[in-house]
Ligand code: HEM
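Pasting the structure below:
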């Protein structure tokens, strides 16, 4: 089973032209297998989570009832990106599964929305949000080994609670960056192969081998995104993650959830006697928004 499709160019050279479309099923089945294995592990084998917690009672009192987590701008970016991602996945893969329609136009329009939204996100996250909050730090790595040892029944101190993002979310973000930027980088060049409003069509920009590799990379990133997005939606719907999903809709999470899973020393929130005022500040991006 060859994972690539090949053709012979006008000079008789064999060049790749696409990925083989059975990889769509490989990615979808990998996503489903992940659900099954993860849900079974949590239901029957995982031990209850324990975190180190040395908070003084004074800390809890100073945390607002609604802890601001995502500013309105960050939430709008997330949902625009999600809509464009789903549009890209459906327009790309439904025709390959036999549902025919004029997909290319919808696809490059959604691709343009994704590209612009990601450019915006890079600037927003670099200059207006806490840039380092999404990258693993030393405590994450130390706690990952503590969590693995404890899961295997060995003795290790309990891990600290998370900073703004758990290590798993940070690793997922890294995988999305790799697949997302690959699909964007190749997709922008592939727009030269079709008619768009941005530049004249020029299929001779690259040779057949380079175009072929570009289509293959684009396809591999695309099928990778099928599995990645399935996993993301699965976690978003899991009951114990619902507080995080709700925060991507409403912008805040409850004080109880914050204190249970997040360490105020690693992810400080502005203390406030008035939760309403603290939320307003968040909407303006004034407190720890991200
Ligand atoms: C979730 C992200 C994306 C997925 C899953 C995806 C998937 C695909 C797939 C499977 C193809 C067919 C490739 C082939 O025939 O070998 C394709 C083609 C294409 N994609 Fe994407 N893509 C994504 C993002 C983008 C982006 C961001 C852009 C533009 C910036 C873009 C522009 C294009 C163009 C122009 C084509 C070529 C159509 C043609 O030559 O007929 N794609 N995409």
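Numbering (this note's numbering), first residue to last: 1 to 290. Just so you know, even glycine gets a beta-carbon here, dropped at the ideal spot from N, CA and C.
In this structure residue 160 is in contact with residue 52, their Cβ atoms being roughly 5 angstroms apart against a cut-off of 8 angstroms. The closest heavy atom of the ligand HEM lies 6 angstroms or more from the beta carbon of residue 248.
Annotation: the region 187 to 223 contains no complete segment of the alpha helix (DSSP H) (minimum length 4 residues).
Not one heavy atom of the ligand HEM falls within 6 angstroms of the beta-carbon of residue 105.
Rounded to whole angstroms, residue 192 and residue 200 show a C-alpha spacing of 7 angstroms. Looking at the DSSP output, residue 18 shares a beta bridge with 5. Assignment of residue 52 by DSSP, reduced to helix, strand and coil, places it in the strand class. Residue 69 sits in coil when the DSSP states are folded into three classes, being neither helix nor strand.
Between residue 226 and residue 98, the beta carbon gap of about 17 angstroms keeps them out of contact (Cβ cut-off 8 angstroms).
In terms of CA proximity to residue 111, 187 leads the group 187, 12 and 257. Residue 22 and residue 14 have their C-alpha atoms some 21 angstroms from each other.
Within the same chain, and ignoring the five residues on either side of residue 236 in sequence, the residues whose Cβ sits closer than 6 angstroms to its Cβ are 245. Ranked by Cα distance from residue 43, the options 239, 264, 17 and 248 are led by 239. Set against 6 angstroms, the gap from the CB of residue 126 to the closest heavy atom of the ligand HEM is not smaller.
Ranked by how close their Cα comes to the Cα of residue 38, the residues 261, 267 and 230 have 230 in first place. In this structure the region 79 to 92 does not lie against the region 145 to 156, because fewer than three pairs of beta carbons, one per stretch, are closer than 8 angstroms.
The C-beta distance from residue 3 to residue 20 rounds to 5 angstroms, short enough to meet the 8 angstroms contact threshold. The C-alpha of residue 139 is placed about 29 angstroms away from the C-alpha of residue 250.
Closer than 6 angstroms to some heavy atom of the ligand HEM: that describes the Cβ of residue 115. Excluding its 5 nearest sequence neighbours in each direction, residue 213 has C-beta neighbours in its own chain below 8 angstroms: 16, listed in chain order.
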